[in-house]
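In what follows, a single structure is set out as C-alpha cells and then discussed.
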Amino acid sequence: MRLGSIGVWLGAFTVASAAEARPAAREIEELGYDTLWYPEGLGTRESFSNGAVLLGATERLRVASGIANIWARDAVSAANAARVLADAFADRFLLGLGVSHPVQVDPRGHRYARPVATMRAYLDALDEDPFVSPDGAGVARPPVPRVIAALRPPMLRLAAEKALGAHTFLVPVEHTRRARELLGPDALLVVEQKVVLAEDASLGRARARAALAWYLDTPNYLDNLRWLGFAEDDFEDGGSDALADALVAVGDESAIRARVQAHLDAGATQVAIHPLEEGDPFGRATLRRLAPSLPG
Numbered sequence: 130m131r132l133g134s135i136g137v138w139l140g141a142f143t144v145a146s147a148a149e150a151r152p153a154a155r156e157i158e159e160l161g162y163d164t165l166w167y168p169e170g171l172g173t174r175e176s177f178s179n180g181a182v183l184l185g186a187t188e189r190l191r192v193a194s195g196i197a198n199i200w201a202r203d204a205v206s207a208a209n210a211a212r213v214l215a216d217a218f219a220d221r222f223l224l225g226l227g228v229s230h231p232v233q234v235d236p237r238g239h240r241y242a243r244p245v246a247t248m249r250a251y252l253d254a255l256d257e258d259p260f261v262s263p264d265g266a267g268v269a270r271p272p273v274p275r276v277i278a279a280l281r282p283p284m285l286r287l288a289a290e291k292a293l294g295a296h297t298f299l300v301p302v303e304h305t306r307r308a309r310e311l312l313g314p315d316a317l318l319v320v321e322q323k324v325v326l327a328e329d330a331s332l333g334r335a336r337a338r339a340a341l342a343w344y345l346d347t348p349n350y351l352d353n354l355r356w357l358g359f360a361e362d363d364f365e366d367g368g369s370d371a372l373a374d375a376l377v378a379v380g381d382e383s384a385i386r387a388r389v390q391a392h393l394d395a396g397a398t399q400v401a402i403h404p405l406e407e408g409d410p411f412g413r414a415t416l417r418r419l420a421p422s423l424p425g
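What follows is the structure in C-alpha cells.
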C-alpha cells in the first residue's frame with residue numbers, strides 16, 4: 130500500500146454529526162491531503178459506520194481508522210467490516226487497530242491486560258477468516274490490510290510482523306527514529322503530529338498544554354515518554370516546556386514544515402497533521418494555510 134507523505138488526524142470526527150463531518154472531509158480532500166485519520170473513543174461514533182460516512186462524502190481521499198478499538202468488536206466483525214468498506218469505496222479504507230487504554234476498555238465489561246499478546250491473538254483471528262452461512266460458500270481471501278497503534282518496542286515489532294506497519298500518536302521525532310529502526314525499512318510508519326499555527330510562542334504552548342492534559346493521565350503514553358527520556362517533572366503542571374515543544378509543533382508555516390520534514394527524515398512514511406485550533410475542532414484555517422507549504 131502506498132501512502133502520500135501528508136495526512137490529517139482529527140478527533141472531531143468521532144463526535145461530529147454527519148452533516149458537519151461531510152463538508153469537513155470534502156475540504157480536506159480538496160486541499161490535497163492524502164489520508165484522513167479518525168479515532169474511536171468510548172461512547173463516540175462507531176468506527177466502521179463512521180468511516181462509511183466519511184468515504185461516502187469523498188471521492189479520492191483515503192480514510193483510515195486511527196484507531197478502531199479491538200475491544201469494541203471481535204476480529205471477524207472487524208475484518209468483514211473493513212472488507213465491506215474497501216469493496217464499496219474502491220479500496221480507499223485503511224484499517225487501523227489499537228488496544229486502547231484501560232479507561233476505554235474496562236467500562237465495556239472487559240479487563241485490559243497483556244496488550245501485546247491480546248493484539249497478537251486478535252490479528253491471528255483476523256486472518257483465520259471463518260465463513261459460516263447458508264447464503265454462500267467460503268472462498269480464500271487475502272488478509273485484511275491493516276496498521277496497528279504502536280509505541281513501545283514489543284508492539285512495534287508486532288506491527289512489522291503481523292501488519293503493514295505502525296500508527297504512532299503523541300510522539301517526538303526521536304520516537305520516529307527509534308520506531309523506524311525497530312520496524313525495518315519496508316513497514317508503514319504513520320506519525321500523528323499536533324500543530325499550532327501561532328506567532329506567540331507562549332500562546333502556542335498554552336494551547337499545546339491544554340491538548341496534552343488528557344494524555345498526561347494515561348499510563349501507556351507516560352510509559353512511552355519515560356522510555357524516550359522524559360522525567361516525572363516533565364509531566365507536572367500540564368507538562369514542561371520541553372515536553373510541550375517536543376510533542377506539539379508551534380509556530381508559523383515554516384516551523385510546522387520543518388517538524389514534518391524532521392519526522393519524514395527520521396523514517397515516517399506519512400505525517401498526519403493534527404491541528405489544534407481555537408474555535409474550530411476541524412482546524413480548517415490551519416489546514417488551509419498549511420496545505421501549500423507542506424512536503425509533497
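The numbering of the sequence shown is this note's numbering, which starts it at 130 and goes up by one. Beta carbons are placed, not taken as given, at the ideal position from N, Cα and C, and that holds for glycine. Here the structure is a predicted model, which is why all the values come from computation and not from measurement.
Three-state secondary structure assigned by DSSP to residue i
{"i": "residue 144", "result": "coil"}
{"i": "residue 191", "result": "strand"}
{"i": "residue 321", "result": "strand"}
{"i": "residue 167", "result": "strand"}
{"i": "residue 132", "result": "coil"}
{"i": "residue 358", "result": "coil"}
{"i": "residue 297", "result": "strand"}
{"i": "residue 304", "result": "helix"}
{"i": "residue 404", "result": "strand"}
{"i": "residue 332", "result": "helix"}
{"i": "residue 278", "result": "strand"}
{"i": "residue 268", "result": "coil"}
{"i": "residue 180", "result": "helix"}
{"i": "residue 351", "result": "helix"}
Contact set for residue i: own chain, Cβ-Cβ below 7 Å, skip 5 residues either direction
{"i": "residue 271", "result": "none"}
{"i": "residue 214", "result": "177, 180, 181, 184 and 222"}
{"i": "residue 395", "result": "302, 305, 306 and 309"}
{"i": "residue 285", "result": "279, 295, 308, 311 and 312"}
{"i": "residue 419", "result": "382, 385 and 402"}
{"i": "residue 349", "result": "230 and 280"}
{"i": "residue 273", "result": "208, 211, 212, 224 and 255"}
CB contact flag (residue i, residue j, <7 Å)
{"i": "residue 401", "j": "residue 166", "result": "yes"}
{"i": "residue 226", "j": "residue 275", "result": "yes"}
{"i": "residue 345", "j": "residue 359", "result": "no"}
{"i": "residue 160", "j": "residue 416", "result": "yes"}
{"i": "residue 187", "j": "residue 217", "result": "no"}
{"i": "residue 204", "j": "residue 254", "result": "yes"}
{"i": "residue 138", "j": "residue 321", "result": "yes"}
{"i": "residue 194", "j": "residue 171", "result": "no"}
{"i": "residue 341", "j": "residue 368", "result": "yes"}
Chain-order list of residues whose beta-carbon lies under 6 Å from that of residue i (same chain, five-residue window excluded)
{"i": "residue 174", "result": "143"}
{"i": "residue 244", "result": "228"}
Expected contact under 8 Å - CB spacing of residue i and residue j to nearest Å
{"i": "residue 398", "j": "residue 132", "result": "6 Å"}
{"i": "residue 317", "j": "residue 287", "result": "With a Cβ gap of about 14 Å, residue 317 and residue 287 do not count as contacting."}
{"i": "residue 405", "j": "residue 324", "result": "7 Å"}
{"i": "residue 334", "j": "residue 379", "result": "6 Å"}
{"i": "residue 326", "j": "residue 135", "result": "Not confirmed; about 15 Å, so no contact."}
Assigned exposure category for residue i - 16 Cβ within 10 Å defines buried
{"i": "residue 200", "result": "buried"}
{"i": "residue 343", "result": "exposed"}
{"i": "residue 393", "result": "buried"}
{"i": "residue 168", "result": "buried"}
{"i": "residue 268", "result": "exposed"}
{"i": "residue 366", "result": "exposed"}
{"i": "residue 356", "result": "exposed"}
{"i": "residue 412", "result": "buried"}
The ligand PLP heavy atom lying under 6 Å from the CB of residue i
{"i": "residue 199", "result": "Questions concerning the ligand PLP fall outside what the structure shown contains, since it holds no ligand whatsoever."}
Same chain, Cβ closer than 8 Å to residue i, neighbours up to 5 away in sequence not counted
{"i": "residue 297", "result": "278, 279, 280, 304, 305, 308, 318, 319, 320 and 321"}
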